[in-house]
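Here's the structure we're looking at; comments come further down.
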Amino acid sequence: MALLQTRGRRKISNGSKRVVRWVRKGGFEVSIGEGHGGGESETGIDGDDISTPPGDVIIRLDALDASHLAQHQPLRWVGISLWLVPPAEERDKLRSVISTISSKHSSPTFEPHITLVTLPSDANAAIPNFDNLSSFEITFQPVAAGQTFFQSVLIPIPASPELLDLRVSACDALKVPFQPYFPHLSLYYGDVSDEERETIIKELHADGTAQIGTDGNASVAGIQGFRVHELWVVKCEGKPEEWEVLEKREMH
């Protein structure tokens, strides 16, 4: 993804609408997105040179662009979700990050995942086979602070054409209305203040878990992204620790 450099501001050219703000001394904004045909957090960022940037860096999802999100999400949720999950090695590393945050901040633990679509558990829709599912690459953008319980501290994921196509196919097959979509991988669930979310992000940067290169490339636990090979069908009923994986489907 090309970065368009402007005076005092860096913008990601992916046709995005979502804005996050890098709050630091002499801060600037990064535009990431909910692209149509190419982005919701959302087009690959390549490169190495991953390092912790100078100064305090906090990324917040812009409240003005979060109007489609629930203003307050409950601690319990009932529904069936389709998840895209990391391969085992990356999943273990990200699960460790989630567990570490949980032990420090008394938050729920859960499997690392990117939600593709969610529907009510009483919906009369059979989960389609999604024949010939093709694996694809996803990349990470810098860890951000959200505004809801299930989007509290997270990794935005660029919405590549492959991801968006799969999302559209899932919504069509399940007869779910296509709503604005923000692909992300959560690291922390919690209905807390902005200050606490910022504290968690600062801790992740301070110990090197989360890093941002000078070119904007990001990593968490040494991972810049992964290839999606599995889709899980998950019953999200009760607390996150009680969620049940109903089925796992391979992507080729």
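Going by this note's numbering, the first residue of the sequence shown is number 74, and it counts up by one from there.
In this text, a Cβ means the ideal position worked out from N, Cα and C, and glycines have one as well.
- The beta carbon of Pro159 sits closer than 7 angstroms to those of Leu167, Pro185, Phe299, all from its chain and outside the five residues before and after it, given in chain order.
- If you compare the alpha carbons of Trp156, Ala246, Leu260, Leu236 with that of Ser180, the shortest gap goes to Leu260.
- Secondary structure within the stretch 172-228: the beta strand (DSSP E) runs of 3 or more consecutive residues, fully enclosed, are 187-192, 209-212, 217-221 (chain order).
- About 17 angstroms separates the beta carbons of Phe203 and Ser233, which is beyond the 8 angstroms limit, so they are not a contact pair.
- Our two residues, Ser169 and Ala246, have alpha carbons roughly 34 angstroms apart in a direct line.
- Nearest neighbour of Phe251 by Cα position, chosen from Ala161, His325, Leu189, turns out to be Leu189.
- Look at Ile274 here: in three-state DSSP terms it is helix.
- Cβ contact annotation for Glu235 (same chain, cutoff 6 angstroms, sequence separation greater than five): Phe209, in chain order.
- Counting of Cβ neighbours within 10 angstroms places Val318 among the exposed residues, the total staying below 16.
- Inclusion of Ile285 and Val226 in the CB contact set at 7 angstroms is not warranted, their separation being larger than that value.
- The continuous beta strand (DSSP E) containing Glu320 extends over residues 317-323.
- The DSSP assignment places complete alpha helix (DSSP H) segments of no fewer than 4 residues inside the stretch 243-307 at 267-279, in order along the chain.
- The Cβ-Cβ distance between Ser154 and Cys309 falls below 7 angstroms.
- Contact annotation: Ala291 and Pro231 have beta-carbon atoms that are not nearer than 7 angstroms.
- Beta-bridge annotation (DSSP): Leu157 is paired with Ile187, Leu304.
- Closest in alpha carbon position to Gln220, among Val306, Leu192, His302, Glu269, is Glu269.
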